[in-house]
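Visitor:
Protein chains in written order, with my numbering: chain R, 547 to 906; chain P, 547 to 906.
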């Protein structure tokens with residue numbers, strides 16, 4: 547394994563290269579980290595779909611950005627003299643197809659809806675002009691995410707206060723977003739402000755996003771990080787090593803129930819049992835106010851081989867039954883606050899959510 | 547990987563072969579399961595120590611049995627005309643050395659103390675006679691464990707009642723003991739009595755004893771088993787899939803605080819949060835009544851590479867800090883009952899422990 551931690555290489559998680567007609571998407575292949583820093587070029591919509599499905603690009607906000615660019619790529623193969631009907635049909639096909647890559651993260655649907663609405667409202671524009679307008683919109687989604695991350699960081703640091711140890715689960719960092727991340731943005735912003743934090747990182751089975759991605763991001767920025775197995779979080783809390791927990795989220799219902807990487811619900815209960823505040827950091831696009839509560843959030847079940855053959859080696863008997871839910875839902879009552887780019891929602895109630903998000 | 551689940555091969559976890567003078571110990575090398583069913587022969591005390599240290603033999607009761615035989619092996623190199631002083635010195639050396647292999651499991655010290663006391667009280671016996679007597683004692687430790695497991699199973703089934711789903715962590719099965727195990731003995735006994743159970747098995751990071759050993763044992767006996775990651779236990783409880791949790795223990799203090807594989811404390815809290823009873827199954831030799839409470843139990847910290855290089859592949863960045871406690875302590879208030887061969891301790895209080903164990 548190359549020691550990438552010490553390289554000065556700066557590769558953005560998601561980059562658009564070229565123009566609307568013939569440009570393409572470049573992604574860090576996150577399945578290869580931390581062993582190798584490899585990028586992949588997506589030049590057709592199928593490879594964008596595959597990258598999302600296989601978690602080469604992952605994290606709710608990053609999936610939304612990649613999918614927005616995916617719509618631009620998917621329209622490149624449409625003839626420039628296609629009819630409006632053919633254009634609309636292609637837009638609907640593309641957005642339906644990309645929405646199908648992963649079922650839980652709402653930012654994916656949010657970004658695709660935004661692209662679809664703009665595309666279907668192209669009155670008077672040529673196909674070429676519409677393509678340019680859609681690339682500009684995807685770039686806006688991307689740039690707004692960057693700004694959103696910074697705002698979450700500022701609000702989160704104010705909420706966090708004077709703590710020394712924090713725990714996080716999965717990866718809600720720059721790799722999951724355009725730049726600073728959501729949960730990790732709070733840590734990066736604290737560092738920018740001179741606050742010394744020690745971050746305990748759950749490895750996050752089965753796909754080890756904590757060990758592979760979060761530990762790597764923190765080390766790259768010189769933030770003190772200690773890796774633990776998910777089963778050790780309770781012991782770390784009991785020993786007084788952490789005074790707060792912050793994770794990201796993939797979808798948040800109207801009442802604040804939050805779907806996030808499997809294991810998040812467990813940590814929220816453990817934090818409560820130890821009197822430690824549990825926070826979620828997520829952009830407003832993560833909220834799905836059409837869902838009354840978390841039971842309505844569909845939970846993706848993934849391949850059993852992620853558990854039995856995770857790392858190039860079989861670790862369970864042939865033919866064993868496996869249950870592999872990719873997410874769980876943490877009920878709002880276990881969440882002490884939700885940190886958004888619009889401000890902090892605390893306590894987590896439907897009224898407070900609507901007030902902070904500015905939704906009537 | 548060979549599909550060992552379907553073989554009819556019956557290999558005992560621990561077997562003594564031969565006589566006291568020149569016999570040796572045969573162990574299933576549990577680090578190779580479930581991929582290969584390999585045995586190792588220990589012909590000197592160093593290889594017994596290594597097998598315990600490296601978890602080739604593991605589980606508190608099995609460690610005690612292996613160490614008892616280890617004392618017999620260690621005395622084979624002593625000259626038959628050695629003085630009583632040389633014999634005593636060798637016995638003390640051997641038992642101190644073996645006790646040093648792992649710090650947490652009290653059954654190890656219990657078995658070694660038993661062998662040491664008998665050895666130092668060899669008045670009038672020749673070295674050869676003493677060796678025979680010690681082998682007989684090690685065989686007694688072994689056989690008593692077999693009986694103990696069966697008794698735990700009977701008491702546990704009565705306590706468990708009419709449940710369908712249970713959860714267990716790590717491996718407290720036949721591989722951890724002489725035959726039926728402790729926690730798994732309850733499941734095996736239920737099966738013997740015609741009760742259908744569905745066992746959810748935590749994979750148990752970092753060394754995956756649940757995935758590698760418990761899933762294998764359950765499948766070999768035809769008990770329905772579903773493997774999950776440790777981080778999924780809370781979700782499994784929330785979905786109502788399990789109505790009880792049973793684990794083993796490595797050391798239990800006078801007040802009932804119980805040290806067991808890292809992650810047990812976490813599950814106990816989660817069980818309480820879901821109104822599910824949490825039980826420990828352990829022989830009386832697991833109790834260390836010299837310790838007032840769990841804070842006095844030393845917790846073994848193991849090699850960081852178990853977490854960063856666990857699956858035959860590096861899964862975390864070079865140089866990452868790691869915290870790897872092998873055990874945690876579950877406070878007595880989270881334990882609904884302790885199932886011993888002497889009966890069930892419920893509620894878990896110091897008085898009840900002493901009464902059930904018959905200790906004044």
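We put the beta carbon where it would ideally sit given N, CA and C, even for glycine.
Keep in mind the model is a prediction, meaning the values are calculated, not measured.
Helix or strand or just coil, what does DSSP make of residue 871 of chain R?
Guide: Within the first chain, numbered from 1, the residue matching residue 871 of chain R stands at position 325. In this structure, residue 871 of chain R counts as strand in the three-state DSSP scheme.
Visitor: Going straight from the alpha carbon of residue 612 of chain P to that of residue 763 of chain P, what length do you get?
Guide: Reading the second chain from its first residue, position 66 is the one you call residue 612 of chain P. Reading the second chain from its first residue, position 217 is the one you call residue 763 of chain P. Each residue's alpha carbon lies about 20 Å from the other.
Visitor: Select from R/588, R/580, R/583, R/578 the residue whose C-alpha is nearest the C-alpha of residue 572 of chain R.
Guide: Sequence index remark: in the first chain, residue 572 of chain R carries index 26 (1-based). Measuring from the Cα of residue 572 of chain R, the nearest candidate turns out to be R/588.
Visitor: Which residues of chain R have a Cβ atom closer than 9 Å to the Cβ of residue 776 of chain P, listed in chain order?
Guide: As a first step, residue 776 of chain P must be located in the second chain, where it is residue number 230. Chain R residues near residue 776 of chain P: 751, 775, 776, 777, 809, 812.
Visitor: With 7 Å as the limit, tell me which residues of the stretch 855-873 of chain R have their beta carbon closer than that to any beta carbon of chain P; keep them in chain order.
Guide: Per Cβ criterion, the list reads 856, 857, 858, 859, 860, 861, 862, 863, 864, 865, 866, 867, 868, 869, 871.
Visitor: Is residue 563 of chain R buried or exposed, if buried means 16 or more other CB atoms sit within 10 Å of its CB?
Guide: Against the first chain, residue 563 of chain R aligns to sequence position 17. With fewer than 16 other Cβ atoms within 10 Å, it is exposed.
Visitor: Please report the residue range of the beta strand (DSSP E) in which residue 711 of chain P lies.
Guide: As a first step, residue 711 of chain P is located in the second chain; it is residue number 165 there, counting from the start. Note, residue 711 of chain P: beta strand (DSSP E), 711-714.
Visitor: Thinking just about the alpha-carbon of each residue, which of R/685, R/863, R/896, R/559 is nearest to the one in residue 580 of chain P?
Guide: Counting from 1 along the second chain, the entry for residue 580 of chain P is found at position 34. Taking only the C-alpha atoms, the option nearest residue 580 of chain P is R/863.
Visitor: Based on DSSP bridge pairs, tell me the residues matched to residue 502 of chain R.
Guide: There is no way to answer for residue 502 of chain R, as the model of chain R reaches only from 547 to 906.
Visitor: In the stretch 576-600 of chain P, which residues sit with their C-beta less than 7 Å from some C-beta in chain R, listed in chain order?
Guide: Those would be 580, 581, in chain order.
Visitor: For residue 600 of chain R, which residues from the same chain have a beta carbon less than 7 Å from its beta carbon, with the 5 sequence-adjacent residues on both sides left out?
Guide: By one-based count along the first chain, residue 600 of chain R stands at place 54. Once the five neighbours on either side are set aside, the close Cβ partners of residue 600 of chain R are 577.
Visitor: Give a yes or no on contact between the stretch 701-711 of chain P and the stretch 588-597 of chain P, applying the rule of three or more CB pairs nearer than 8 Å.
Guide: The stretch 701-711 of chain P vs the stretch 588-597 of chain P: no contact.
Visitor: Quick one, are the C-beta atoms of residue 605 of chain R and residue 644 of chain R less than 8 Å apart?
Guide: Taking the first chain and counting its residues from 1, one reaches residue 605 of chain R at position 59. Taking the first chain and counting its residues from 1, one reaches residue 644 of chain R at position 98. It is not a contact, given that the beta carbons lie outside the stated cut-off.
Visitor: Which one of R/574, R/565, R/566 has the shortest CA to CA distance from residue 557 of chain R?
Guide: On the first chain, position 11 is the one that residue 557 of chain R refers to. When only C-alpha atoms are compared, the closest one is R/574.
Visitor: In whole angstroms, give me the CA-to-CA distance for residue 832 of chain P and residue 731 of chain P.
Guide: The residue labelled residue 832 of chain P in the question sits at position 286 within the second chain. The residue labelled residue 731 of chain P in the question sits at position 185 within the second chain. Each residue's alpha carbon lies about 16 Å from the other.
Visitor: Taking contact to mean 3 or more Cβ pairs, one atom from each stretch, closer than 8 Å, check whether the stretch 820-831 of chain P and the stretch 872-882 of chain P are in contact.
Guide: These segments touch.
Visitor: Buried or exposed, going by whether 16 or more other CB atoms sit within 10 Å of the CB of residue 608 of chain P?
Guide: Position 62 of the second chain holds residue 608 of chain P. It is buried - the Cβ of residue 608 of chain P has at least 16 other Cβ atoms within 10 Å.
Visitor: Is the CB of residue 677 of chain P under 8 Å away from at least one CB in chain R?
Guide: In the second chain, counting from the first residue as 1, residue 677 of chain P sits at position 131. No, no contact with chain R.
Visitor: With the cut-off set at 8 Å, would you say residue 716 of chain R and residue 807 of chain R are in Cβ contact?
Guide: Here residue 716 of chain R is taken as the residue at index 170 of the first chain, counted from 1. Here residue 807 of chain R is taken as the residue at index 261 of the first chain, counted from 1. In this structure, residue 807 of chain R lies closer than 8 Å to residue 716 of chain R by Cβ.
Visitor: May I ask you to list the residues that DSSP assigns as paired with residue 747 of chain R?
Guide: Here residue 747 of chain R refers to the residue found at position 201 of the first chain. DSSP output for residue 747 of chain R lists R/714, R/773 as bridge partner(s).
Visitor: With a cut-off of 8 Å, does the C-beta of residue 772 of chain R fall near any C-beta of chain P?
Guide: Counting from 1 along the first chain, the entry for residue 772 of chain R is found at position 226. Taking Cβ atoms only, chain P reaches closer than 8 Å to residue 772 of chain R, which makes this a yes.
Visitor: Assuming residue 752 of chain R and residue 803 of chain R make a contact with CB atoms under 8 Å, what is their CB distance in whole Å?
Guide: Residue 752 of chain R sits at position 206 when you count from the first residue of the first chain. Residue 803 of chain R sits at position 257 when you count from the first residue of the first chain. Between residue 803 of chain R and residue 752 of chain R the Cβ distance is about 23 Å, and since that is not below 8 Å, they are no contact.
Visitor: Give the straight-line distance between the Cα atoms of residue 724 of chain R and residue 795 of chain R, rounded to the nearest whole angstrom.
Guide: For the purposes of this step, residue 724 of chain R is taken as the residue at position 178 of the first chain. For the purposes of this step, residue 795 of chain R is taken as the residue at position 249 of the first chain. Residue 724 of chain R and residue 795 of chain R: Cα-Cα distance of roughly 16 Å.
Visitor: Measure the alpha-carbon distance for residue 767 of chain R versus residue 742 of chain R and round it to whole angstroms.
Guide: If you number the first chain from 1, residue 767 of chain R lands on position 221. If you number the first chain from 1, residue 742 of chain R lands on position 196. Their backbone Cα atoms lie some 12 Å apart in a straight line.
Visitor: Report, in whole angstroms, the separation of the C-beta atoms of residue 781 of chain R and residue 709 of chain R, which I expect to be a contact under 8 Å.
Guide: Here residue 781 of chain R is taken as the residue at index 235 of the first chain, counted from 1. Here residue 709 of chain R is taken as the residue at index 163 of the first chain, counted from 1. The pair is not a contact, with the Cβ atoms about 19 Å apart (cut-off 8 Å).
Visitor: If you draw a straight line from the C-alpha of residue 844 of chain R to the C-alpha of residue 684 of chain P, how long is it?
Guide: Position 298 of the first chain, counted from the start, is the residue given in the question as residue 844 of chain R. Position 138 of the second chain, counted from the start, is the residue given in the question as residue 684 of chain P. The straight-line gap from Cα to Cα measures roughly 56 Å.
Visitor: Which residues, in order along the stretch 686-703 of chain R, keep a beta-carbon less than 9 Å from a beta-carbon of chain P?
Guide: Going along the stretch 686-703 of chain R in chain order, one finds no residue with a Cβ nearer than 9 Å to chain P.
Visitor: Tell me the DSSP secondary structure of residue 615 of chain R in three-state form.
Guide: As a working mapping, residue 615 of chain R is identified with position 69 in the first chain. Reduced to three states, the DSSP call for residue 615 of chain R is helix.
Visitor: With a floor of 4 residues, list each alpha helix (DSSP H) that falls wholly inside the stretch 800-831 of chain P, ordered by position along the chain.
Guide: Runs of the alpha helix (DSSP H) inside the stretch 800-831 of chain P: 810-819.
Visitor: Using a threshold of 8 Å, state whether the C-beta atoms of residue 791 of chain P and residue 772 of chain P are closer than that.
Guide: Reading the second chain from its first residue, position 245 is the one you call residue 791 of chain P. Reading the second chain from its first residue, position 226 is the one you call residue 772 of chain P. Cβ distance not < 8 Å, so residue 791 of chain P and residue 772 of chain P don't count as in contact.
Visitor: If you compare alpha carbons, which of R/674, R/651, R/850 is closest to residue 798 of chain R?
Guide: Sequence index remark: in the first chain, residue 798 of chain R carries index 252 (1-based). Residue R/651 is the option with its Cα nearest to residue 798 of chain R.
Visitor: Please decide whether residue 791 of chain R counts as near chain P, where near means a Cβ-Cβ distance under 8 Å.
Guide: Along the first chain, one-based indexing puts residue 791 of chain R at 245. Taking Cβ atoms only, chain P never reaches closer than 8 Å to residue 791 of chain R, which makes this a no.
Visitor: Considering only C-alpha positions, which residue in the set R/671, R/656, R/905, R/642 is nearest to residue 630 of chain R?
Guide: In the first chain, the residue the question calls residue 630 of chain R occupies position 84. With distances taken between Cα atoms, residue 630 of chain R lies closest to R/671.
Visitor: Strictly under 8 Å for the Cβ-Cβ distance: is residue 781 of chain R near chain P by that measure?
Guide: Reading the first chain from its first residue, position 235 is the one you call residue 781 of chain R. Chain P contact via Cβ: present.
Visitor: How long is the line joining the alpha carbons of residue 776 of chain P and residue 815 of chain R, rounded to whole angstroms?
Guide: Walking along the second chain from the start, residue 776 of chain P turns up at place 230. Walking along the first chain from the start, residue 815 of chain R turns up at place 269. Taking the straight line from one Cα to the other gives about 14 Å.
Visitor: Beta strand (DSSP E) containing residue 573 of chain P: first to last residue?
Guide: As a position in the second chain, residue 573 of chain P is number 27, starting the count at 1. It spans 570-574 - the beta strand (DSSP E) in which residue 573 of chain P sits, taken as one unbroken run.
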